[in-house]
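Peer 1:
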Amino acid sequence: MALSTVSQLGSLVQNIGFTSTSRTQDSVGPSTAQTLAPTLRQKHSAPSAALELHNCRNWGAHKAQNFLRGQSVRRSAAKNAPAAGIQMSGGDEKLPSLYELPLTSFIDQSGYINPPVEKNTEASVFAVLDEAKKVQYIGFSKDVRNSLRTLLCRRPDKCHYYKLHNLSVLDQQRMIEIRNSWSSELGLPPPGNADPYQKNQWEKPVDAGSISERGMAAAGASKAKALLGEMQARGLKEEMIYDPALLERGRCDVLPSKQKSAEELQAASDLEAERKSNERHVSAVAIDGEKIEFDITFTMKYKTNGGWMYDVSVSHQDRVTTHRVLLGQPMIDLTKLEPEVIVERTFAYLLSKRITRQTEGLLHSETFPINYFSVSEVEQWFDDFKIMFDNQELVGNYWRFNRLYDYGAGYSDSQPELGPQGDDKQKAFSW
1227 MALSTVSQLG
1237 SLVQNIGFTS
1247 TSRTQDSVGP
1257 STAQTLAPTL
1267 RQKHSAPSAA
1277 LELHNCRNWG
1287 AHKAQNFLRG
1297 QSVRRSAAKN
1307 APAAGIQMSG
1317 GDEKLPSLYE
1327 LPLTSFIDQS
1337 GYINPPVEKN
1347 TEASVFAVLD
1357 EAKKVQYIGF
1367 SKDVRNSLRT
1377 LLCRRPDKCH
1387 YYKLHNLSVL
1397 DQQRMIEIRN
1407 SWSSELGLPP
1417 PGNADPYQKN
1427 QWEKPVDAGS
1437 ISERGMAAAG
1447 ASKAKALLGE
1457 MQARGLKEEM
1467 IYDPALLERG
1477 RCDVLPSKQK
1487 SAEELQAASD
1497 LEAERKSNER
1507 HVSAVAIDGE
1517 KIEFDITFTM
1527 KYKTNGGWMY
1537 DVSVSHQDRV
1547 TTHRVLLGQP
1557 MIDLTKLEPE
1567 VIVERTFAYL
1577 LSKRITRQTE
1587 GLLHSETFPI
1597 NYFSVSEVEQ
1607 WFDDFKIMFD
1617 NQELVGNYWR
1627 FNRLYDYGAG
1637 YSDSQPELGP
1647 QGDDKQKAFS
1657 W
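In this note's numbering, each residue's number is its place in the sequence shown (first place is 1) plus 1226.
(1) Grouping DSSP H, G and I as helix and E and B as strand, with all else coil, what is A1512?
(2) Leaving out the 5 sequence neighbours to the left and right, which residues in its chain are closer than 6 Å to E1411 when beta-carbon positions are compared?
(3) Considering only DSSP beta bridges, list what R1545 is partnered with.
(4) Rank R1545, P1416, E1465 and S1438 by C-alpha distance to the C-alpha of K1451 and give the top, closest one.
(5) Straight-line CA distance for V1567 to F1615?
(6) Pull up the DSSP beta-bridge partners for I1364, would you.
(7) If you count every other CB in all the chains shown that lies within 10 Å of the CB of L1462, and 16 or more means buried, which is it?
(8) Tell me whether the beta-carbon of F1599 lies closer than 8 Å to the beta-carbon of I1581.
(9) Pairing CB atoms from the region 1382 to 1392 with CB atoms from the region 1441 to 1457, are three or more of them under 8 Å?
(10) Hey, quick one: how far does the alpha helix (DSSP H) through T1572 stretch, first residue to last?
(11) What did DSSP end up calling N1531 once you bin it into helix, strand or coil?
(12) Check this for me: beta carbons of H1391 and L1355, under 8 Å apart or not?
(13) Which two residues bound the contiguous alpha helix (DSSP H) that contains Y1423?
(14) Leaving aside the five residues before and after P1565 along the sequence, list all residues of the same chain whose C-beta is less than 7 Å from its C-beta, in chain order.
(15) Following the continuous beta strand (DSSP E) through N1392, name the residue where it begins and the one where it ends.
(16) Can we say the region 1442 to 1451 touches the region 1415 to 1431, given the rule of at least three CB pairs closer than 8 Å?
(17) From the DSSP output, in three-state form, read off T1330 for me.
(18) What are the boundary residues of the beta strand (DSSP E) that S1600 is part of?
(19) Nearest CA to the CA of T1530: which residue from G1587, Q1555, R1550 and V1508?
(20) Around the C-beta of N1419, are 16 or more other C-beta atoms found within 10 angstroms, so that it is buried, or is it exposed?
(21) In this structure, how does DSSP classify T1525 when only helix, strand and coil are distinguished?
(22) What does DSSP give as the partner residues of L1553 in its beta bridges?
(23) Among D1514, F1520, N1504 and Q1398, whose alpha-carbon lies nearest the alpha-carbon of K1527?
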């Protein structure tokens, strides 16, 4: 059977039940006027069918047929797999399927690189995926945490997710077999393994591009700063120290992190447990009937004179973003809802509107300030935001951030007025 078009492949996939795990048991449908109705429910993992379908489209017809024919077998095997996040094997088990492994964000919600590794792990095989969830590189390591740190610092634009398989026995031949098996599943090796130029970018320190020997150190420092800024914009909090000896030669590579002590590991575990206790899962149905699901974690809550200020992280479609949200007391009094529920409904609405989830640099007037905003600003920007609150009219005012006083070292009470009426009228337009 030949698959000539992507639409035929998608139709075939649907016919054999190749979809994500259904969550209709706890889902909430539209209530009044086709509203979004966020509700909390217990979080659980689901297979990433979108990733599988995306990679299917790059296969030849015979590869796609073989893959689809084996789905029911692999789905059955997945039920008996180890806990999500950790895949272990010795030397005798069958080769792990790339598509059965869980997809993990490079930077976790705490801002660190913490791959799930069991204590008896001797080696690991991993696949690196970009923001579009396309596999870019397959590698293996005896210290996968530091390997992932190194790759992220070399190519942050390509390192958004990874899939990981741990081995309890250091067996290079088996690691090569797993890499070849994953390449076969993809239809061809990833560009980071197949293309020599790309491979060098993955496996060697970053070249800062200095054109002279005298400028190497400055170029290295500038490049390292740019790379670090790119990672921090994605929520990285982990300390990254670039090798100073390499920077002097105009090259950038991060130093390995030290092995964590038992106390540090326990502290990290306690921190993650606390974060998870503050994580809430929200399920909603959009105006157009699309189901919106996301996780929101309230990392900071602060009482202000006029309401509340929150720092939150939002995980949606395998991407985590961080935000600061201001909520005024008038909105709480009007809606009679818990403050956290109002914040959840606000993000459900913004996700349904497909608002850009992270912004950088100066914003244009038509760009919503998603990084730092007040809930009442959403009402000012979008007329249908009231749908989230049963169409009741919301507060007509909102928080402004105006400069009321001048202060600082350069301030003087006797500063002359500029312009035609001021003492400095000759200087006002002298440029």
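The C-beta atom is built at its ideal place from N, Cα and C for all residues, glycine as well.
Peer 2: Working from what's here:
(1) Taken through DSSP and simplified to helix, strand or coil, A1512 comes out as coil.
(2) For E1411, where only same-chain residues beyond five positions count, the Cβ hits under 6 Å are L1324.
(3) DSSP output for R1545 lists H1542 as bridge partner(s).
(4) Taking K1451 as reference, the option from R1545, P1416, E1465 and S1438 with the minimal CA-CA separation is E1465.
(5) Across the structure, V1567 and F1615 are spaced so that their CA atoms are roughly 11 Å apart.
(6) According to DSSP, I1364 shares a beta bridge with A1353.
(7) With 16 or more other CB atoms across the displayed protein chains lying within 10 angstroms of its CB, L1462 is buried.
(8) No, these two residues do not count as a Cβ contact at 8 Å.
(9) In short, these stretches touch, since the Cβ pair count reaches three.
(10) Following the DSSP letters along the chain, one finds T1572 inside the alpha helix (DSSP H) bounded by residues P1565 to S1578.
(11) Reduced to three states, the DSSP call for N1531 is coil.
(12) Going by C-beta atoms, H1391 is not nearer than 8 Å to L1355.
(13) Segment P1422 to E1429, the alpha helix (DSSP H) holding Y1423.
(14) Listed in chain order, the non-local C-beta contacts of P1565 below 7 Å within the same chain comprise W1534, L1553 and I1558, local neighbours out to five positions each way being set aside.
(15) Per DSSP, N1392 is one residue of the beta strand (DSSP E) stretching across Y1387 to L1393.
(16) With a cut-off of 8 Å, the region 1415 to 1431 and the region 1442 to 1451 do not count as touching, because too few Cβ pairs lie within range.
(17) Three-state DSSP puts T1330 in a strand.
(18) Its beta strand (DSSP E) spans residues Y1598 to S1600.
(19) T1530 has its Cα closest to that of Q1555, out of G1587, Q1555, R1550 and V1508.
(20) Counting every other CB atom within 10 Å of its CB across the protein chains shown gives N1419 a total of 16 or more, marking it as buried.
(21) Looking at T1525 - three-state DSSP - the assignment turns out to be strand.
(22) L1553 is bridged to W1534.
(23) With distances taken between Cα atoms, K1527 lies closest to N1504.
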